[in-house]
Amino acid sequence: NGKEEARAYARIPSMGTLRPCVEESSGKDGTPGKFDSENLYIEGDNLEVLKLLQGSYHKRVKMIYIDPPYNTGKDFVYPDNFRDSIANYKALTGQTDDEGKSTRANPETSGRYHTDWLNMMYPRLILARNLLTDDGVIFISIDGVEVCNLERLCNEVFGEENHIGTLIIQTATDNNETQINTEHEYMLCYAKDIASQPFWGRKSEAALKIQEEYKRIVARMGNNPPAIQEALRKWIKENKEQLPKVTHYDNVDYKGVFHDGDIANTKFGGYVYDVIHPVTGKCCKVPEKGFRFPPKTMEEMIANDDILFGEDETTLIKPKKRLESVKDSLRSVIYEDGRASTKVVESLLGRDVFKNPKSHFIISRLIEFCSNDKDIILDFFAGSSTTAHAMFLSDISQEVHRKFILVQLPEVISDKDKEAKQAFLFCKDNKLAPNICEIGKERIRRAAKKIKEETPLFAGDMGFKVFKLDTSNFIPWNPEPDKIELLLRDAVENILIDRTRQDLLYEVLLKCNLPLTLPIEEKKYGENTVYIVGEGALAICLDMKIPQTIAEEIVKLRDEYAPIVPMQVVFRDNGFTDVAKTNALQILKQAGFEEKSVQTI
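Numbering (my numbering), first residue to last: 1061 to 1661.
In structure tokens form, the structure reads like this:
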């Protein structure tokens, strides 16, 4: 059946590759055509791309957010052809004829309305799960049409026990005349392994506002806790509407702002011991249910001035809960007027270029709750590139440096599509090819430029490397009886004529299961070049004439870099004479290279 076919297809390796596109890339500092970013923008059918990323990014992605095409019956653009997926992808995106390919509808009358959509999602979710770290998490936006089916599908892929919950995203009112006006969408949330999930929390925005005002008052008044406390309480009272759940943080001592909490245990049977009052020298009153904290913790809190004593021992002591410790929690219902996000996108691209973009405010919030410095964020239905924009904002807010991988099918924008008129004109006016990817990349560029102007001191990576899905650089060996003689003659050169050395280099990285953003250095030895990837993880020589002395140079490079893991070596197979190849392999073997770590292509 369809499910078994989809599951089996997820296991079939891709016959494609990802070709670097330097001219469309943007450097860390925003320089066009620079290729040093650790962020990736990949154009291609996400099913094939996810397959290609399986080795290089296995268990490396901390968070996935996707907003797949909702099954509206009008916008189903992923009709998978399990027999020839790369050819199917090229046809869909207009790469095999002059007309492009129109969006395929998925009408309810087809009899496979839900099945087709679920069969599209199933293999992609299986592959996506493989990329998540053990403590990774996935969020999937969806409307009411498929939410129940999607939950059943996710329960099968991720396990029902890993369903963290479903968020309700309350949006602006739908004014269409129906029995019930729809005012919300859903966002399913699943963990790779819920037992490995850490506590989700981020610094409270309201608490940060109080902290900023406290610093302003200190700068004005000096270190005078009573006067600062009076001024801060006045400000909190005047601004309480902007400070939900933190207005009680209105006490000040020489260390900062705090709330005097409850020292008593929540039920009978708490800790009972003596706490000496610092002024009277007598034992302080013990709560009826005992203390919440063990004696050692209490000693540390007293030593750190995190206990508030009364005037004498008859008053219960209180713990000082510091403002810096206040965390926001992710609530199951999020209100977001999508028009706010639309205005932000319009300010970057113009009106109606992207209609109803996802809220970068919400996605930024999710990123801050679920990921940290150096984590990878993946979105394989990238659309308007909201996830990249959101990650930039989160990095600035938290002063960290995450990385994104965005994947998007380059859907052709037709000048005959009235709904896409402004998008087509935007591409035409900006001399861009009329497809979704071009607009998505341009949004990232413009968002990065604006953010850099507003926060010039932020030194994070605001660029992206562009890669495009294509057939493998290597000609497949698929002999037919009447073509064997021709194939044997051409086998001397097994690489497609139009492919560059850089194309080969990055396909080798994928085949060696290495990330596409590892640093690559060139080492010159006469007419030969050796590429060192990832500070010694991999050495590559793709020259047409490789002398055996290159093997000796690679041994020296291995010793110089001293990589943590054994260095892998890849040579171009037809770059050797038979004798040179045998000698080179023998040199590496004698130097301690394992046979499995040396390959020819």
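From the three backbone atoms N, C-alpha and C, an ideal C-beta is built for every residue, glycine too.
Item to check | C-alpha gap between Ile-1614 and Val-1590, whole angstroms | outcome: Each residue's alpha carbon lies about 8 Å from the other.
Checklist entry - Could you give the distance in angstroms between the alpha-carbon of Val-1317 and the alpha-carbon of Leu-1303? => result Val-1317 and Leu-1303: Cα-Cα distance of roughly 15 Å.
Checklist entry - What is the rounded straight-line gap between the Cα of Ala-1057 and the Cα of Arg-1071? => result Here the chain has residues from 1061 to 1661 only, and residue 1057 is not among them.
Next on the checklist: Need the endpoints of the alpha helix (DSSP H) that Leu-1292 sits in, please.
Outcome noted: Per DSSP, Leu-1292 is one residue of the alpha helix (DSSP H) stretching across 1285 to 1298.
Next on the checklist: Whole angstroms are fine: how far does the CA of Gly-1350 sit from the CA of Phe-1518?
Outcome noted: Their backbone Cα atoms lie some 49 Å apart in a straight line.
Checklist entry - If you count every other CB in all the chains shown that lies within 10 Å of the CB of Gln-1628, and 16 or more means buried, which is it? => result Buried, by the Cβ-count rule.
Item to check | Residues near Ile-1296 in its chain [Cβ-Cβ closer than 6 Å; skip 5 each side] | outcome: So the qualifying residues of the chain are Thr-1307, Asp-1310.
Item to check | Every unbroken alpha helix (DSSP H) within the region 1373 to 1439, with a cutoff of 4 residues, ordered by chain | outcome: Segments of the alpha helix (DSSP H) lying fully in the region 1373 to 1439: 1398 to 1409, 1420 to 1430.
Checklist entry - In this structure, does DSSP put Pro-1183 in helix, strand or coil? => result Note: Pro-1183 maps to helix in three-state DSSP.
Checklist entry - For Ser-1666, which three-state DSSP category applies? => result A question about residue 1666 goes unanswered here, because the residues of the chain that appear run from 1061 up to 1661.
Checklist entry - Exposed or buried, which one is Asn-1490 when buried takes at least 16 other CB atoms within 10 Å? => result An exposed status is given to Asn-1490, since fewer than 16 other beta-carbon atoms sit within 10 Å of its beta-carbon.
Checklist entry - What does Pro-1092 pair with, by DSSP beta-bridge criteria? => result Answer by DSSP bridge pairing, in chain order: Ser-1086.
Checklist entry - Taking C-beta to C-beta, are Arg-1262 and Glu-1428 nearer than 8 Å? => result A contact, by the Cβ cut-off of 8 Å.
Next on the checklist: Any heavy atom of the ligand COA closer than 7 Å to the beta-carbon of Leu-1192?
Outcome noted: Ligands are entirely absent from the displayed structure, and the ligand COA is therefore not among its contents.
Next on the checklist: Using C-beta distances below 6 Å, list every residue in its chain close to Leu-1438, excluding the 5 sequence neighbours before and after it, in chain order.
Outcome noted: Excluding residues up to 5 positions away in sequence, Val-1121, Ile-1124, Ile-1465 lie with their Cβ nearer than 6 Å to the Cβ of Leu-1438 in the same chain.
Checklist entry - How many Å lie between Trp-1260 and Ile-1555 at the Cα? => result For Trp-1260 and Ile-1555, the distance between alpha carbons rounds to 49 Å.
Next on the checklist: Using 8 Å for Cβ pairs, my map puts Pro-1080 next to Asp-1563. What's the rounded Cβ distance?
Outcome noted: Confirmed, Cβ separation roughly 7 Å.
Checklist entry - To which residues of the same chain is Asp-1475 closer than 7 Å at the C-beta, ignoring the five residues directly before and after it? => result Phe-1484.
Checklist entry - From which residue to which residue does the alpha helix (DSSP H) around Val-1109 run? => result Secondary structure note for Val-1109: its alpha helix (DSSP H) is the uninterrupted segment 1106 to 1113.
Item to check | the region 1318 to 1338 in contact with the region 1276 to 1295 per 3-pair CB rule at 8 Å | outcome: Contact fails: fewer than three Cβ-Cβ distances are below 8 Å.
Next on the checklist: Tell me the rounded alpha-carbon separation between Ala-1551 and Pro-1536.
Outcome noted: Only weak support is given to the placement of Ala-1551: the predicted model assigns it a pLDDT of 46, under 50, and the question is left unresolved by the model.
Item to check | Range of the contiguous beta strand (DSSP E) that encloses His-1319 | outcome: Secondary structure note for His-1319: its beta strand (DSSP E) is the uninterrupted segment 1316 to 1320.
Checklist entry - Which of the three DSSP states, helix, strand or coil, is assigned to Asp-1558? => result Coil, per DSSP.
Checklist entry - Where Phe-1700 and Val-1568 are concerned, what is the direct C-alpha to C-alpha distance, given to the nearest angstrom? => result Residue 1700 lies beyond the stretch modelled for the chain, which goes from 1061 to 1661, so this question has no answer here.
Checklist entry - How big is the Cα-Cα spacing for Tyr-1585 and Ile-1606? => result Answer to the nearest angstrom: the Cα atoms are 11 Å apart.
Next on the checklist: List, from N- to C-terminal side, the alpha helix (DSSP H) runs of 4 residues or more that fit wholly inside the region 1443 to 1479.
Outcome noted: Taking only runs of at least 4 residues, the alpha helix (DSSP H) segments lying wholly in the region 1443 to 1479 are 1446 to 1458.
Checklist entry - CA-CA distance, Phe-1095 and Val-1082? => result So the two alpha carbons sit approximately 6 Å from each other.
Checklist entry - Among Ile-1367, Asp-1313, Ala-1640, Asn-1634, which one has its Cα closest to the Cα of Glu-1612? => result When Ile-1367, Asp-1313, Ala-1640, Asn-1634 are compared, the shortest CA-CA separation from Glu-1612 is found for Ala-1640.
Next on the checklist: I'd like the span of the alpha helix (DSSP H) that includes Gly-1500, first residue to last.
Outcome noted: Start and end: 1496 to 1514.
Checklist entry - Cα separation between Gly-1341 and Asp-1334? => result Those two C-alpha atoms are separated by around 11 Å.
Checklist entry - DSSP on Ala-1147, reduced to helix/strand/coil? => result Three-state DSSP puts Ala-1147 in a helix.
Checklist entry - Skipping 5 residues on each side, what residues in its chain have a beta carbon closer than 8 Å to that of Lys-1434? => result Excluding sequence neighbours, Lys-1434 sits near Val-1460, His-1461, Arg-1462, Lys-1463.
Item to check | Arg-1143, buried or exposed, once every other Cβ within 10 Å from all chains shown has been counted against 16 | outcome: Residue placement at Arg-1143 cannot be trusted, given a pLDDT of 47 that sits under 50; what the coordinates show is reported in the next sentence. Residue burial annotation: Arg-1143 is exposed, with fewer than 16 other C-beta atoms found within 10 angstroms of its C-beta.
Checklist entry - Quick one: Cα of Lys-1161 to Cα of Leu-1469, how far? => result Bear in mind that the predicted position of Lys-1161 carries a pLDDT of just 43, short of 50, making it unreliable; the figure below should be weighed with that in mind. Between Lys-1161 and Leu-1469, the C-alpha separation is close to 12 Å.
Next on the checklist: Taking the beta carbon of His-1420 as the centre, do at least 16 other beta carbons fall within 10 Å, making it buried, or is it exposed?
Outcome noted: His-1420 comes out buried.
Next on the checklist: Does Ala-1622 come out as helix, strand or coil in the three-state DSSP assignment?
Outcome noted: DSSP places Ala-1622 in coil when its eight states are reduced to three.
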